[in-house]
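Enquirer: Below you'll find the structure I mean.
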Amino acid sequence: MAGGKEIRTKIESVKNTQKITSAMEMVAASKMRKAKDRMDAARPYAEKMRSVVGHLANAHPEYKHPFMIEREVKRVGYIVVSSDRGLCGGLNINVFKAVIASMKEWDDKGVDVDVCTIGKKAASFFARLNSNIIGKLDDYGDAPRAHELIGSVKVMLDAYYEGKIDRLYLVFNDFVNTMTQQAHIEQILPLPAEDDESLKHHWDYIYEPDAKNVLDELLMRYVESLVYQSVVENIACEMSARMIAMKSATDNAGDIIDELQLIYNKARQAAITQEISEIVSGAAAV
Amino acid sequence: MGMTTHVNIVSAEEEIFSGTAEMVFAPAIMGEVGIAPRHTPMLTPLKAGEVRLQTAGKEEQFFYVSGGMLEVQPHVVTVLADTAIRAHDLDEAAALEAQKQAESALKDSAGKVDYAKAQAELAEAMAQLKAIEHLRKTKR
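Residue numbers (this note's numbering), protein chains in the order written: chain A, 1 to 286; chain B, 1001 to 1140.
What follows is the structure, given as structure tokens:
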């Protein structure tokens, strides 16, 4: 029986791979549900924060915070959110493509670029590109705590305060639904001004202790909440992308097993036929 | 029934409280403040301590916050609670850590980035993924 044993071993090995991919699919599916819950739980804070900052943009503070002042752009910063692990289809590649396209635009204008990476994939990609990475966060896990992100955000905010960068972008995957994730670039600094006519009358907050301190604290938290939200959203995207990738891998393994099974059956049939004809012709010769 | 104001207490990771109260006490950075309904707009950082709500019927509710921000609008009080103790030194240490991590990633100094090459590489990766997808579909 030609190659029968080899084919059987091959089928076994593909079956083992299929077991792994289908297990990964199920793990990703359950993690995705949790990630989505976390995404929803983080939403009220982001909304409240946005409305406070919205009020603030319409107030008439005696003090203009640097985050609200548009400057001439000499250098830009990107916070790129990616996954820590691979096997999730084109998820990270889509983000990198969007970032690179946007970076190239700035580069053509003679503007330099600084990067802060969140997630191992972004770190290795931008390190290989020789980008100027000024902040980095790896291994944030499936359930990052908001305060774990403080450091990498602060690096960028400090660079903005010191005038090293004049604009800050946040790049992440937007969770549209389980099947669709969309790479998304958002300008976070300077704060894009919103116009709300209903709040235009002249008023201002009482600031305790003073406007500068309060705004520093508030806007720092605002940016952190944006970044936290995007990281949580990116995890949900990662899980759903992995789920889909692993599902198609499992299907592929099934196809391969079917094909191999067919080849194996044919080979077995051929061997039996050959054996019979050998016996028959042997008997006829006697 | 006395006047009430709407109170939201949220942290970056979850919503903690949403409802009405007759009086809100919060540990503002300059000392504890009591907010009655129709208070003038105010914005202040909070220090670690207790946020106390007097709900209708003189019931009291307590929430511990490790810091955060308090926004007061005439009919809404919003507490943006932190999830961890914040201090300038701690933040500074975290930032340094992120920077150190970045430096270890950049063993060879940051040179000029070849964006055209990067785009080509990514396009190739995308093409590979597309080809796999295509192969899968045509095989059916």
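Glycine included, every Cβ here is placed at the ideal spot set by N, Cα and C.
Where Glu304/A and Val155/A are concerned, what is the direct C-alpha to C-alpha distance, given to the nearest angstrom?
Expert: For residue 304/A there is no data in the structure shown, the boundaries of chain A being 1 and 286.
Enquirer: Counting only Cβ-Cβ distances shorter than 9 Å, please list the residues of the stretch 41 to 63 of chain A near chain B, keeping chain order.
Expert: Listed by position along the chain: Ala41, Ala42, Arg43, Pro44, Tyr45, Ala46, Glu47, Lys48, Met49, Ser51, Val52, His55, Leu56, Ala59.
Enquirer: Given Met220/A, which residues of its chain have a CB within under 7 Å of its CB, disregarding the five upstream and five downstream residues?
Expert: Answer for Met220/A: Leu157, listed in chain order.
Enquirer: Name the chain A residues whose beta carbon is nearer than 8 Å to that of Glu1097/B?
Expert: Neighbours of Glu1097/B on chain A, chain order: Gly151.
Enquirer: Please tell me whether Met1042/B and Gly1034/B are closer than 8 Å, where the distance is taken between their beta carbons.
Expert: It is not a contact, given that the beta carbons lie outside the stated cut-off.
Enquirer: Whole angstroms is fine: what's the gap from Ser277/A's alpha carbon to Ala270/A's?
Expert: About 11 Å.
Enquirer: If you measure from the beta carbon of Glu1013/B to each beta carbon in chain A, is any gap under 8 Å?
Expert: Glu1013/B counts as touching chain A.
Enquirer: Would you mind telling me which residues of chain B sit closer than 9 Å to Tyr287/A, beta carbon to beta carbon, in chain order?
Expert: Residue 287/A cannot be examined here, being either before or after the span of chain A that is shown, 1 to 286.
Enquirer: What's the C-alpha gap between Leu1122/B and Leu1053/B?
Expert: When rounded, the distance between both Cα atoms is 54 Å.
Enquirer: Give the secondary structure of Ser30/A by DSSP, where H, G and I count as helix, E and B as strand, and everything else as coil.
Expert: Of the three classes helix, strand and coil, the one that applies to Ser30/A here is helix, per DSSP.
Enquirer: Note down, in chain order, every chain B residue with its Cβ under 9 Å from the Cβ of Leu218/A.
Expert: Chain B residues near Leu218/A: Leu1043, Pro1045, Met1069, Glu1071, Leu1080.
Enquirer: Is there a C-beta anywhere in chain A that falls below 8 Å from the one on Ala1036/B?
Expert: Not an interface residue.
Enquirer: Specify the secondary structure class of Arg38/A as computed by DSSP and reduced to three states.
Expert: Here Arg38/A sits in helix by DSSP.
Enquirer: Mind listing the chain B neighbours of Leu129/A? Cutoff is C-beta to C-beta under 7 Å, in chain order.
Expert: Under the 7 Å cutoff, chain B gives Val1113, Ala1118.
Enquirer: So, helix, strand or coil for Met246/A, using DSSP?
Expert: Met246/A: helix per DSSP, three-state reduction.
Enquirer: Can you name the start and end residues of the alpha helix (DSSP H) that Glu105/A belongs to?
Expert: 91 to 108 is the span of the alpha helix (DSSP H), which, as asked, contains Glu105/A.
Enquirer: Between which two residues does the beta strand (DSSP E) containing Ala159/A stretch?
Expert: Careful: Ala159/A lies outside any beta strand (DSSP E), inside the alpha helix (DSSP H) at 150 to 161.
Enquirer: Using a Cβ cut-off of 7 Å, which residues of the stretch 218 to 244 of chain A contact any Cβ in chain B, in chain order?
Expert: Listed in sequence order: Leu218, Arg221, Ser225, Tyr228.
Enquirer: List, in order along the chain, the chain A residues whose C-beta lies closer than 9 Å to that of Thr1005/B?
Expert: Simply none; closest approach about 15 Å.
Enquirer: Under 8 Å between C-beta atoms, does Asn173/A make it to chain B?
Expert: No, Asn173/A lies away from the interface with chain B (no Cβ there is under 8 Å from its Cβ).
Enquirer: Sorted by chain position, which residues of the same chain lie with C-beta nearer than 6 Å to Gly1049/B's C-beta, five sequence neighbours on each side aside?
Expert: Counting only Cβ-Cβ distances below 6 Å, and skipping sequence neighbours, we find Pro1027.
Enquirer: Would DSSP call Ala1123/B helix, strand or coil?
Expert: It is helical.
Enquirer: What separation, rounded to the nearest whole angstrom, lies between the Cα atoms of Asp84/A and Ala127/A?
Expert: Asp84/A and Ala127/A: Cα-Cα distance of roughly 15 Å.
Enquirer: Could you give the first and the last residue of the continuous alpha helix (DSSP H) run that contains Ser124/A?
Expert: Unbroken alpha helix (DSSP H) run through Ser124/A: 120 to 128.
Enquirer: Quick one: give me the first and last residue of the beta strand (DSSP E) that His184/A is part of.
Expert: Where His184/A is concerned, the enclosing beta strand (DSSP E) stretches over 181 to 189.
Enquirer: Check the Cβ of Asn252/A against every Cβ in chain B and list those closer than 8 Å, keeping chain order.
Expert: The answer, in chain order, is Arg1136.
Enquirer: For Ile316/A and Ser82/A, what's the separation of their Cα atoms in angstroms?
Expert: Because chain A in this structure spans residues 1 to 286, residue 316/A falls outside the shown range and cannot be described.
Enquirer: Short of 7 Å in beta carbon distance, which residues of its chain neighbour Tyr45/A, apart from the five on each side in sequence? Order them along the chain.
Expert: Excluding positions up to five away in sequence, the list reads Ser225.
Enquirer: Kindly say whether Ala1021/B, judged by its beta-carbon, lies nearer than 8 Å to any beta-carbon of chain A.
Expert: No, its Cβ sits nowhere closer than 8 Å to a Cβ of chain A.
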